[in-house]
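Numbering of the sequence shown is given in our numbering, commencing with residue 3 and proceeding in unit increments. Note that CB positions come from ideal geometry on N, CA and C, so glycine has one too. Keep in mind that this is a model prediction, so the values were computed, not measured. This report refers to the structure that appears directly beneath it.
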Amino acid sequence: MESDRKTGIHSIKLPRNFTQALLIVFAAAVVAAVVGFGANYLLSPSAAEIQRGVDAAKEMPLVGLVIEENPPLEEKLRMVIAEELNNPGQVPSPGSRFGVEVRQQYIVPTLLAADDASALSAAAGMEKLARYLQMRDPALCRELGLAGLQNANKLDADGKTLLNEALALQEQAYRNGKGGSPKTALKADEVRPVLEEAGYTEKDLEQLSSFATLSTADGCAATVKLYGAPRALPTAGGGTLARWLLTVAP
């Protein structure tokens, strides 16, 4: 069996592995805060420099809210930032690992309770980011679909703005779902028929199954299409697919 890294988000045979890119955006946002949206890595970061990274994370939509609601995360983030700055180039990065852990523990359960409208808006924010990358950086767009946006520092200024907008829409969905009961979730064997209802052809589904072998242009197009799939469905079905895209586990 291929690893998640090889199959990326796009395995029809293993639908739950559509994951690597789906909202590792949170992790990417943490990484972006760690490196200061363009700051150089430092060999011996000072306490003030580490604090600047923490402050940058706390100012981000969704990221800052989750840290505010869960104070122990701030100290953990401080240690992550120190590790990130002292040991650049780790794959996956400490910031990315931290982001994935926080997403699974705190964000996913809440997003599962978000209503259809807020979930659809959050998925649309990701589609908008992917479409922008399709025009400006197809290779990064494909990376978003294959392995997730691992380092938001690769984004240009407009891309970083769209990332923040996507996070803001996810924060709205998070706030909407806070304290609510989880909605009905898609099962693994239900994903393919839902995508077919959204207009996926057999060729589209085959591309998802072989995403890692697609060209840059085709891989990027598949990423854009996947994030756009929820809005091709009636509101209830689109909301269900959007919540799945927002919460499927990496």
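- Here the alpha carbons of Pro140 and Ile69 stand approximately 32 Å from one another.
- In the DSSP assignment, Gly150 falls outside any alpha helix (DSSP H), carrying neither H nor E.
- Counted as a single uninterrupted DSSP element, the stretch harbouring Phe213 is not any alpha helix (DSSP H), since DSSP gives it neither H nor E.
- Just so you know, the alpha carbons of Leu207 and Gln53 end up roughly 46 Å apart.
- Your pair Ile109 and Tyr176 checks out as a contact, with CB atoms roughly 6 Å apart and the cut at 8 Å.
- Going by DSSP, Met62 is part of no alpha helix (DSSP H) at all; its letter is neither H nor E.
- Cα atoms of Gly241 and Ser48: separation of roughly 45 Å, rounded to the nearest angstrom.
- Ranked by Cα distance from Leu248, the first of Cys222, Pro90, Leu75, Ser123 is Ser123.
- In this structure the stretch 179–198 does not touch the stretch 85–105; the number of beta carbon pairs closer than 8 Å is below three.
- Its chain contains Pro96 as the residues whose beta carbon lies nearer than 6 Å to that of Glu85, once the 5 sequence neighbours on both sides are disregarded; these appear in chain order.
- When DSSP states are grouped into helix, strand and coil, Asn178 belongs to the helix group.
- Counting C-beta atoms within 10 angstroms of its own C-beta, Arg144 has 16 or more neighbours from the protein chains shown and is therefore classed as buried.
- Residue range 74–88 is occupied by the alpha helix (DSSP H) that includes Glu76.
- Only buried fits Lys227, as 16 or more other CB atoms lie within 10 angstroms of its CB.
- Leaving aside the five residues that flank Pro232 on each side, the residues in its chain whose CB is nearer than 6 Å to its CB run, in chain order, Leu122, Ala125, Gly240, Leu243, Ala244.
- Residue environment: Gln107 is assigned as exposed (fewer than 16 neighbouring CB atoms within 10 Å of its CB, all protein chains considered).
- Contact between Gly221 and Leu148 holds, with the beta-carbon distance rounding to 6 Å and staying under 8 Å.
- The straight-line gap separating the alpha-carbon atoms of Glu204 and Glu71 is approximately 44 Å.
- Going by C-alpha positions, Leu75 is about 14 Å away from Gly55.
- By alpha-carbon distance to Glu167, the top candidate from Pro195, Ala132, Lys156 is Ala132.
- Here DSSP, grouped into helix, strand and coil, assigns Gly201 to coil.
- For Lys185, there is no enclosing alpha helix (DSSP H), as DSSP marks it with neither H nor E.
- Per DSSP, Ser123 is one residue of the alpha helix (DSSP H) stretching across 118–138.
- A direct Cα-Cα distance of roughly 11 Å separates Val196 from Trp246.
- Inclusion of Gly127 and Gln172 in the CB contact set at 9 Å is warranted, their separation being smaller than that value.
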